[in-house]
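Add 1 to the 1-based position in the sequence shown for this note's numbering, that's all there is to it.
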Amino acid sequence: MTDNIPLQPVRQKKRMDSKHRSGCCECLRCCGRRDPRPRTVWLGHPEKRDQRYPRNVINNQKYNFFTFLPGVLFNQFKYFFNLYFLLLACSQFVVEMRLGALYTYWVPLGFVLAVTVIREAAEEIRCYMRDKEVNSQIYSKLTGRGTVKVKSSNIQVGDLIIVEKNQRVPADMIFLRTSEKNGSCFLRTDQLDGETDWKLRLPVTCTQRLPTASDLLQIRSYVYAEEPNIDIHNFVGTFTREDSDPSVNESLSIENTLWASTVIASGTVVGVVLYTGRELRSVMNTSNPRSKIGLFDLEVNCLTKILFGALVVVSLVMVALQHFAGRWYLQIIRFLLLFSNIIPISLRVNLDMGKIVYSWVIRRDSKIPGTVVRSSTIPEQLGRISYLLTDKTGTLTQNEMVFKRLHLGTVAYGLDSMDEVQSHIFSIYTQQSQEPPAVKGLALATKVRKTMSSRVHEAVKAIALCHNVTPVYESNGVTDQAEAERHYEDSCRVYQASSPDEVALVQWTESVGLTLVGRDQSSMQLRTPGGHILNFTILQIFPFTYESKRMGIIVRDESTGEITFYMKGADVVMAGIVQYNDWLEEECGNMAREGLRVLVVAKKSLTEEQYQDFEARYVQAKLSVHDRSLKVATVIESLEMEMELLCLTGVEDQLQADVRPTLETLRNAGIKVWMLTGDKLETATCTAKNAHLVTRTQDIHIFRLVTNRGEAHLELNAFRRKHDCALVISGDSLEVCLKYYEYEFMELACQCPAVVCCRCAPTQKAQIVRLLQERTGKLTCAVGDGGNDVSMIQEADCGVGVEGKEGKQASLAADFSITQFKHLGRLLMVHGRNSYKRSAALSQFVIHRSLCISTMQAVFSSVFYFASVPLYQGFLIIGYSTIYTMFPVFSLVLDKDVKSEVAMLYPELYKDLLKGRPLSYKTFLIWVLISIYQGSIIMYGALLLFESEFVHIVAISFTSLILTELLMVALTIQTWHWLMIVAELLSLSCYIASLVFLHEFIDVYFIATLSFLWKVTVITLVSCLPLYVLKYLRRRFSPPSYSKLTS
2 MTDNIPLQPV RQKKRMDSKH RSGCCECLRC CGRRDPRPRT VWLGHPEKRD
52 QRYPRNVINN QKYNFFTFLP GVLFNQFKYF FNLYFLLLAC SQFVVEMRLG
102 ALYTYWVPLG FVLAVTVIRE AAEEIRCYMR DKEVNSQIYS KLTGRGTVKV
152 KSSNIQVGDL IIVEKNQRVP ADMIFLRTSE KNGSCFLRTD QLDGETDWKL
202 RLPVTCTQRL PTASDLLQIR SYVYAEEPNI DIHNFVGTFT REDSDPSVNE
252 SLSIENTLWA STVIASGTVV GVVLYTGREL RSVMNTSNPR SKIGLFDLEV
302 NCLTKILFGA LVVVSLVMVA LQHFAGRWYL QIIRFLLLFS NIIPISLRVN
352 LDMGKIVYSW VIRRDSKIPG TVVRSSTIPE QLGRISYLLT DKTGTLTQNE
402 MVFKRLHLGT VAYGLDSMDE VQSHIFSIYT QQSQEPPAVK GLALATKVRK
452 TMSSRVHEAV KAIALCHNVT PVYESNGVTD QAEAERHYED SCRVYQASSP
502 DEVALVQWTE SVGLTLVGRD QSSMQLRTPG GHILNFTILQ IFPFTYESKR
552 MGIIVRDEST GEITFYMKGA DVVMAGIVQY NDWLEEECGN MAREGLRVLV
602 VAKKSLTEEQ YQDFEARYVQ AKLSVHDRSL KVATVIESLE MEMELLCLTG
652 VEDQLQADVR PTLETLRNAG IKVWMLTGDK LETATCTAKN AHLVTRTQDI
702 HIFRLVTNRG EAHLELNAFR RKHDCALVIS GDSLEVCLKY YEYEFMELAC
752 QCPAVVCCRC APTQKAQIVR LLQERTGKLT CAVGDGGNDV SMIQEADCGV
802 GVEGKEGKQA SLAADFSITQ FKHLGRLLMV HGRNSYKRSA ALSQFVIHRS
852 LCISTMQAVF SSVFYFASVP LYQGFLIIGY STIYTMFPVF SLVLDKDVKS
902 EVAMLYPELY KDLLKGRPLS YKTFLIWVLI SIYQGSIIMY GALLLFESEF
952 VHIVAISFTS LILTELLMVA LTIQTWHWLM IVAELLSLSC YIASLVFLHE
1002 FIDVYFIATL SFLWKVTVIT LVSCLPLYVL KYLRRRFSPP SYSKLTS
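Right under this line is the structure:
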């Protein structure tokens, strides 16, 4: 029968959010794929499809089997210097250009490439295994023959899939049925949106009412769904059942969806597959963040370009001194090859391996447990941060809410007077009999008290009903889950909600006597102080959104039949919704100044006729496919008028541990801290003072709200007249200032000791980071814990995510992940400082090592009539930069100038690094001069002291060179580590042991003579001793700042 069902024609919807689609659509168009279109999906009939859909395969690999090697090699050789070394190696196949054995050029290049290929291969294999595991997961599918097992990769659009509790949802689905009695299920979405709170999902009403799951295959029904897009928070679709009379139409929204990568947290669910493969919401939202290249790497790259320029100049000079005789162009190429050591091929490998060591050290630091390095390419950035941009909620504060204040307009209750609230609630629910006869004055007092009790009761009842919290019962070892749920066992109950504010409010109502004990899709149960259960039917619920800044609920009291619309939200939106009053604005400001998060609670009683009229319009708006959200909002707004103001609630978000000393450390280190928050101005200002972001002695300039160019101009002039003053500005005013006076505003803001931006949108946070980078040229670090901080974290030079209550989205997107804000101090002051100083020393030493041997080659060629003949050949040239000197030079990554405790105690040491002195043109020039001096001394010394054979020059100069390098490492080290001593002795042992096999290049009998030993000793001393003397004199008369602390 179902075989003859005609397919509904698919209409192309005109959507306004084209920007959401542009990213993926452009990509699909480029790949020759058709634009995604809306679709009609028949339940249980994947063969009845109106278009081709992608396979449900997750593929996160960059390459496949055939493209791996070409792809990796291309990515390596697209950089100039790698290509340069490849051309050098290839030139050795030309006989006229050959300078020695082929392996002297190919082995170093091969080693660098092998390291890269192995690293990429390991990453690809890990990716492949992860993808295979996900694609091979087994699910149950409903078919006409019963339930069959199917792999995740074989699931198609239209399949009816059963997903068990704690199982991952394999594809984007519409929720049809659940085994839960309350007719709903919870989802864990932390892998999709980073939020740790469970999300409530509702099945399609029509399919939930069917007796069994197999009946889904017996009905003629389909889902009409929008085209695939990246928006995980919205969905527009309709469900239609054709074989009922009349046919059933239900609107579908985000509440009816089960997106892939979420996990079912309660019950067993059945869903129909809508989107698969590359059309999954989770896949379309996977974007590669910008690849961050560290400032240190750019500086090293710049120095390498200078070295390349030096290489070309030296080669041209050598040929010029030959008067460009003969085939001079070939001579230039030979000299380029001969002096190619000027650019060290090992520099990139040493620095990359150094970064891996720094990352390992950070992970292993017991003082900052749980720290994760997600981007091992930029640890040096941590040592040069000038601006720190931090979120407030969950980063500086704990995101642990404590209910502090209930304000009714005429009276306010704080923590010390909550027992009064409790007594009011108790009196309302326990006062059964009439008041005894009393004198008039007492009766009047009782009447006033009763009025206050009813006001408090109404406020508490509104707070207990207006939320999205669900009580969940878990077995506690004594009571099982079913029994706990039946008896509303307090010890087994936990609250689940999408916001910690919500949980704090419901926990407070429980503490004063009105307890939320049960909730399902259509009802809610409250328990009174006397143990009586109050039943409420949930007629409608309007969830909180960032745009509306409010949430509402319509409930019917089962005992009285009264219908009430409750609403709570931010004061800025609620002020226009509630009836006129003279205290709301003032009291909201007062509570915000105390650092409290304020919510305004209101209600409106509805008659049955009013509600029926509203419901008819609301259902009609929800069924609309075009501009649904706008139509729904318009209908809801028709209710949101002249509401009765019940109360204000004040919830405090406590500061994280050691926030104040950490911020003080950062300030003393020369780092300017900017706080960017979505919270209101008063709360943000209060937190800034509380956290000592703004010191007690500093003035605060609160930037007036400006809406046009003229106002912005006047306010900027007023701000310009203030000095050493912290700035507080709202997102709206910031937008106006950046539109008309971007340069002037940023110039003034950068001079402030601290800046607080409140009511900031996520895109504004990223924009501020970008402007700071462009205007100052300084390095920025962004710290946050929520999904709204991801754009800021990815835009900053160095992104740090805090694993908090808002989930892991920020920490997963960040370069570094920490568990507490206080760990940031040690991450920057100790690890950032050490990484930068160590990499600076390492890079300069690798360059020094290469320049030394290049200088010797230049001297040798000059003495022998500018001949392009190599001084060292074969294994000597490879061994020099590998087994003979690699370990001591690389051991510099373990060096440190001061102990970590001293670095934390004196953050001023960090300030020195902001000038970039460890690696500058000055230090580079000093090392170049040292290299030229030592290379010249060694070569001229060997030429002066050798007696008979050329091999003696090689033996004397090469041995002196190795010893000089080992001594120079010892000279550079500031704090000895046992591995450094091992590295020095190991390298020396390797050289002495290898002399037996180097008879082709070195006269073994000559090196055993006393003549050899004294000549090498003299040359080495002359090359190193003056430098030791200079180092001693410098430390004696002009010591660096850290040496004063270590002496």
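Quick reminder that beta carbons are idealized off the backbone N, C-alpha and C, glycines included.
query	result
Contacts around LYS766, its chain only, beta-carbon distance under 6 Å, and the 5 residues preceding and following it disregarded	LEU677, MET793
DSSP state of MET644 mapped onto helix, strand, coil	strand
Cβ-Cβ distance between VAL791 and PHE817 below 8 Å	no
Cβ-Cβ distance between SER958 and TYR885 below 8 Å	no
Residue range of the unbroken beta strand (DSSP E) whose run includes ALA755	755-759
Beta strand (DSSP E) runs contained entirely in the stretch 551-605, provided each spans 3 or more residues	551-558, 564-570
One or two residues paired with HIS702 in a DSSP bridge	LEU728
Enclosing beta strand (DSSP E) for ARG375 [first to last residue]	Per DSSP, ARG375 belongs to no beta strand (DSSP E) and is neither H nor E.
Distance between ILE357 and MET905 (C-alpha atoms, nearest Å)	23 Å
Helix, strand or coil at HIS849 [DSSP, three-state]	helix
Alpha carbon of LEU84 to alpha carbon of THR924, nearest angstrom	28 Å
Integer Cβ distance of ALA814 from ALA797, believed to fall under 8 Å	With a Cβ gap of about 11 Å, ALA814 and ALA797 do not count as contacting.
Beta-bridge pairing of GLY272 - partner residues as DSSP gives them	ILE162, PHE176
Beta-carbon separation (whole angstroms), PRO889 vs LEU967, contact threshold 8 Å	6 Å
Simplified DSSP assignment, three categories, for LEU515	coil
Distance between ALA571 and THR516 (C-alpha atoms, nearest Å)	24 Å
Contact under 8 Å by Cβ, HIS408 with HIS458	no
Length of the line joining the Cα atoms of LEU89 and ILE346	11 Å
Segment limits, beta strand (DSSP E) that includes HIS1	Lying before the first or after the last residue shown, residue 1 is absent from the chain, which here runs from 2 to 1048.
Spatial distance of ASP353 from TYR359 (CA atoms)	10 Å
N- and C-terminal bounds of the alpha helix (DSSP H) containing LEU331	329-339
Beta-carbon spacing of ASN136, VAL264 below 8 Å	no
Through-space distance from ARG629 to THR206, alpha-carbon basis	20 Å
For GLN497, the residue or residues it bridges with in DSSP	THR471
Extent of the continuous alpha helix (DSSP H) run through TRP977	Unbroken run through TRP977: none, as it is neither H nor E.
GLU609 in three-state terms, based on DSSP	helix
Close Cβ partners of PRO370 (< 8 Å) along its chain, the five nearest in sequence each way excluded	THR820
Beta-carbon proximity check, LEU177 vs GLY268, cutoff 8 Å	no
Closest residue to ILE703 among THR696, ALA727, THR684 (Cα-Cα distance)	ALA727
The beta strand (DSSP E) enclosing ILE250, as first and last residue numbers	What sits at residue 250 in the sequence shown is Asn, not Ile. Start and end: 249-253.
Between the CA atoms of LYS150 and MET525 - distance to the nearest angstrom	38 Å
Beta-carbon proximity of ASP232 to GLY787, cut-off 8 Å	no
Whether LEU506 touches THR650 by CB criterion (8 Å)	yes
For GLU300, the three-state DSSP class (helix, strand or coil)	helix
DSSP-derived helix/strand/coil call for LEU946	helix
Nearest to LEU828 (by Cα), restricted to the options TYR866, THR856, TYR1029, SER901	SER901
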